[in-house]
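Trainee:
Number of protein chains: 2
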Amino acid sequence: MTVQLNETHDLQLRSWVQSANQLNCDFPIQNLPFAVFRRKGSHQPYRIGVAIGDQILDLPAAHAVHAFAGYTELQGGHFTAAVNAQTLNGLMGLGAPVWSALRLALSRVLREGSALQGTLHACLLPQAQAEYALPAHIGDYTDFYTSIHHATAVGKLFRPDNPLLPNYKWVPIGYHGRASSIGVSGQEFHRPLGQTKPPTVEEPVFGPAKRMDYELELGIFIGQGNALGTAIPVEQAESHVFGLCLLNDWSARDMQAWEYQPLGPFLAKNFATTISPWIVTLEALAPYRLAWHRDAADPQPLPYLDGESVRASGSFDIQLEVLLQTPAMKTAGTAAERLSLSNFRHSYWTVSQMVAHHTVNGCNLHAGDLLGSGTQSGPAPEEAGSLLELTEGGKKPLQLSNGEQRVFMEDGDTVILRGWAHKEGAPRIGFGEVAGTLLPARQI
Amino acid sequence: MTVQLNETHDLQLRSWVQSANQLNCDFPIQNLPFAVFRRKGSHQPYRIGVAIGDQILDLPAAHAVHAFAGYTELQGGHFTAAVNAQTLNGLMGLGAPVWSALRLALSRVLREGSALQGTLHACLLPQAQAEYALPAHIGDYTDFYTSIHHATAVGKLFRPDNPLLPNYKWVPIGYHGRASSIGVSGQEFHRPLGQTKPPTVEEPVFGPAKRMDYELELGIFIGQGNALGTAIPVEQAESHVFGLCLLNDWSARDMQAWEYQPLGPFLAKNFATTISPWIVTLEALAPYRLAWHRDAADPQPLPYLDGESVRASGSFDIQLEVLLQTPAMKTAGTAAERLSLSNFRHSYWTVSQMVAHHTVNGCNLHAGDLLGSGTQSGPAPEEAGSLLELTEGGKKPLQLSNGEQRVFMEDGDTVILRGWAHKEGAPRIGFGEVAGTLLPARQI
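If you read the protein sequences in the order shown, they are chains A and B. Its first residue numbered 1, the first sequence is counted upward by one per residue in UniProt numbering. Its first residue numbered 1, the second sequence is counted upward by one per residue in UniProt numbering.
1) Does the structure place the segment 278 to 292 of chain A close enough to the segment 421 to 437 of chain A that three or more beta carbon pairs sit under 8 Å?
2) On the DSSP letters alone, give me the boundaries of the alpha helix (DSSP H) that His43 of chain A sits inside.
3) Under 8 Å, CB to CB, which of the residues in the segment 172 to 192 of chain A have a partner in chain B?
4) At the level of alpha carbons, what is the spacing between Ser185 of chain B and Gly53 of chain B?
5) Compare the beta carbon distance of Asp58 of chain B and Leu125 of chain B with 9 Å and say whether it is the shorter of the two.
6) Pull up the distance between the alpha-carbon of Val65 of chain A and that of Thr119 of chain A, whole angstroms please.
7) Report yes if the C-beta distance between Ile29 of chain B and Pro397 of chain B is below 9 Å; otherwise report no.
8) Using Cβ-Cβ distances below 8 Å, what residues of the segment 338 to 372 of chain B are close to chain A?
9) So, does the CB of Met255 of chain A fall closer than 9 Å to a CB anywhere in chain B?
10) Quick check: Gly436 of chain B and Glu188 of chain B, are their CB atoms within less than 9 Å of each other?
11) When Cβ atoms are compared, which residues of the segment 120 to 142 of chain A fall closer than 7 Å to chain B?
12) Along chain A, in chain order, which residues have C-beta atoms closer than 8 Å to that of Pro299 of chain B?
13) Which residue wins for smallest C-alpha separation from Leu400 of chain B, given the options B:Leu324, B:Val201, B:Leu13?
14) What residue range is occupied by the uninterrupted beta strand (DSSP E) comprising Thr146 of chain B?
15) Going by DSSP in three states, Thr359 of chain B sits in which element: helix, strand or coil?
16) In chain B, which residues lie less than 8 Å from Phe408 of chain A when you measure between Cβ atoms?
17) Give me the subset of the segment 272 to 306 of chain B whose CB atoms are less than 8 Å from a CB atom of chain C, sorted by chain position.
18) Assign Val50 of chain B to one of three DSSP states: helix, strand, or coil.
19) When burial is assigned at 16 or more other CB atoms within 10 Å of the CB, is Leu5 of chain A buried or exposed?
20) Any Cβ of chain A within less than 9 Å of the Cβ of Lys210 of chain B?
21) Leaving out the 5 sequence neighbours to the left and right, which residues in its chain are closer than 7 Å to Pro163 of chain A when beta-carbon positions are compared?
22) So who's on the other strand from Leu439 of chain A, going by DSSP bridges?
23) Starting from Trp258 of chain A and walking both ways along the alpha helix (DSSP H), at which residues does that stretch end?
24) What did DSSP end up calling Phe158 of chain A once you bin it into helix, strand or coil?
25) What residues from chain A crowd round Glu215 of chain B, counting only those whose CB sits closer than 7 Å?
26) Cutting at 6 Å between CB atoms, please list the residues of its own chain near Gln86 of chain A, excluding the five before and the five after it.
27) Closer than 6 Å by C-beta to Glu433 of chain B: which residues in its own chain qualify, once you throw out the five before and the five after it? Chain order, please.
28) Determine the contact status of Thr196 of chain A and Lys210 of chain A, defining contact as a CB-CB distance below 9 Å.
29) Please identify the residue among A:Val201, A:Ala335, A:His137, A:Glu203 whose C-alpha is closest to the C-alpha of Asn402 of chain A.
30) Using DSSP bridges, identify the partner residues of Gln399 of chain A.
31) Got a sec, what are the start and stop residues for the alpha helix (DSSP H) Gln117 of chain B sits in?
32) What residue does the beta strand (DSSP E) around Ala61 of chain A start on, and which one ends it?
33) So is Asn248 of chain A in contact with chain B if we call contact Cβ pairs under 9 Å?
34) DSSP three-state label for His293 of chain A, please.
35) Sorry if obvious, but does the Cβ on His357 of chain A come closer than 8 Å to a heavy atom of the ligand ZN?
36) So with CB distances below 8 Å, who are the chain A contacts of Glu259 of chain B?
Written as structure tokens, this is what we have:
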């Protein structure tokens, strides 16, 4: 699938929602990400919304006032049902031509000078007055492991003699995660209880995990799926992807080290995973695509993972940031402090390769399924996407600017991930943020 | 939770459905398992049914003629909605007192002499005229690894120097599986394509898997779940289990060997998993419970996995059988041939321990979630639940009675799993069967 720019990407576009035109706004008219929302505390059903500046356009309300009249892809009962649903699954399942037509229609009606400005003004809710739910019903969740820098750094800690396994450069390694415990930004979760085996003792002990960590990831929402027994070719894979969000794959490292062999992580991960409410479409990210290549010294991808468009534009230039706000910072009213800054461009495998690999054996994906990219650590140590890496396995505490230190997370810590694509002189395509807070362990 | 017998377990009970009273019938009146079914080829919505002899009682139809009047647990809109649904999730979510009341009501109206015999006769469909769907919407699927005999035998093949890992006797090892590719008995699937690395070559190759295998497992359907952040204590775990079914965890061993480190099996398993249509309730299995104990030489379970009822009756005496029907047998009209016979009593971990372990970190389970028991190999080599074990890693071909041999599965092979609980002089509590057929690989 070739990445193409169209009138929705025009850098000069401005919205009649003035906040969308401000410098460094995450949600300019060139972005138009999707979420499900409702008025905070209203207990009403959730509705699909589109971010514009600091507002949310209520999509079913806009449809009801005929904002999308005149687009053949945006007519009929299926579209109306999808727009009026409480999750994005229906819209995801309608496919790329519908997503693209909707983006074009939204871009036009939200532009300065739109005849519908007066009508649509009544369909806005300030984001400050909204609360969010998971954007989709997530049938299955798969987590990949696509940063070679993360895999190497973590491998050194878990297997000092054998950090990067022989399959890594051939196989986009992934595993199935737990869908039921995925929550939306703002999720709070208790420090998990479980088994760990400290190296100094003979037998495992039961209690709260001591080595609590985050993982800086992107989430990939599947749009149209594939039938069981069929595969999605790598060159068609992106037409099956609805968009990207931020994802924090919370991890209890001490539980992980004890349980993960031979079948992979389980209780060390499945107590909580948090994603951002906003899904940024691939079309919005089209100007921020990069060529993908594999170093000549490394194995080239097998044919089912290779292709012209993979090479031409398989990567994404998305900045990814981790911030920490400790209880002391909250008390002092101090803003969250940056722990690291990385970029999705460092990923060893592309989104299209993840989708093609996942389905090459006939495994079926459904609209709303979620793939995690794996921790996106960059090549430099300060670009690491987890505390495990930043503290070298807990040996080198992080010094915070208020005098505190962290080795792993402490109770009450809030971790915030942010992401954005940006070029000089262009609007910023932002992901907003995903925040999550570690609560103390439950009493046993 | 203590296992108790009641009037529904009476060995003398006979049904007015005469086929239920025949020796070795899987579905006597003491069983009463649940499925969702419809008349074959009817394209009608699926309905909940209860097996009795060679018939299916249409549960919504029975409810509509007031078969369950007089039971307070079986009144009201929630119950009616659950009975009239196209999956068992609603009924599963209603909880053990409702399941138990329904079992009692069904036992009474299906007994010889029931005043409702005439009315309910019209609510029967012969199983031979039915087709089945998955009994529940499976939100999340987790596969355990509870046979120490399987873990040791497989460990020897994958890690000759380190067969049983140090965590095995402490942790009920499990991992997340793929829910989307689970199908009901009769599932046909193509030999999966993917990467393998034969030991004789330097680089992996892409193509059809060569070492196709089955795994003999039980499936455990969760009834009422738990809220995220809470745990299900081991002594209450069984009240959260709706029942058991048969499960075949198809496996591509050559893909598994190449991909499984460090995050576990992925494409080697997620192309298909097949379960039986019938779910046998824990209450039906109450007479077949066994004491569970841990050899004194082994570590005793940590307190969160231990309890009086675990010790008193944690195990199940369920016979598990694997049969193979090759294309040559089908052509010759020969019945499927037994490959092995095992028993769930050999499981190193109990169902209650699996549930307690899965939730001890706060992970939430939902009604309809499925747990796999892991391959149930017994202590003797001929009790092995996979070809990998029976052929010692593909080195020792199996000799079939028609002169054929098998190392791994060949295209067109059908594998059938059966299960039953039985005591001399008592009716048999059967699971029916789960069959699945390997089709040739798709053309690339």
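Ideal Cβ positions, reconstructed from N, Cα and C, are used throughout, including at glycine.
Mentor: Reading from the atomic positions:
1) yes
2) No alpha helix (DSSP H) contains His43 of chain A, which DSSP labels as neither H nor E.
3) Identification of residues in the segment 172 to 192 of chain A having a C-beta nearer than 8 Å to some C-beta of chain B yields Ile173, Gly174, Tyr175, His176, Gly177, Arg178, Ala179, Ser180, Ser181, Gly183, Phe189, His190, Pro192, given in sequence order.
4) 19 Å
5) In contact: Asp58 of chain B and Leu125 of chain B (Cβ atoms closer than 9 Å).
6) 8 Å
7) no
8) His357, His358, Val360, Asn361, Gly362, Cys363, Asn364, Leu365, His366, Asp369
9) yes
10) Contact flag set, yes.
11) Residues Gly139, Asp140.
12) Result: Glu203.
13) B:Leu324
14) Unbroken run through Thr146 of chain B: none, as it is neither H nor E.
15) helix
16) Simply none; closest approach about 16 Å.
17) Note that chain C does not occur in the displayed structure, where the protein chains are A and B.
18) strand
19) exposed
20) At a cut-off of 9 Å, the C-beta of Lys210 of chain B has no neighbouring C-beta in chain A.
21) Thr152, Gly155, Lys156
22) BP columns for Leu439 of chain A point to A:His190.
23) 253 to 259
24) helix
25) What Glu215 of chain B touches in chain A: nothing, since even the nearest Cβ is about 13 Å away.
26) Pro45, Tyr46
27) Within the same chain, and ignoring the five residues on either side of Glu433 of chain B in sequence, the residues whose Cβ sits closer than 6 Å to its Cβ are Ile416, Arg418.
28) yes
29) It is A:Ala335 whose Cα lies nearest to the Cα of Asn402 of chain A.
30) Per DSSP, the beta-bridge partners of Gln399 of chain A are A:Gln405.
31) Its alpha helix (DSSP H) spans residues 117 to 121.
32) Unbroken run through Ala61 of chain A is the alpha helix (DSSP H), 59 to 64; no beta strand (DSSP E).
33) no
34) In this structure, His293 of chain A counts as coil in the three-state DSSP scheme.
35) Absence of the ligand ZN from the depicted structure is noted, as is the absence of any ligand whatsoever, leaving it without description.
36) Asn167, Val171, Ile173
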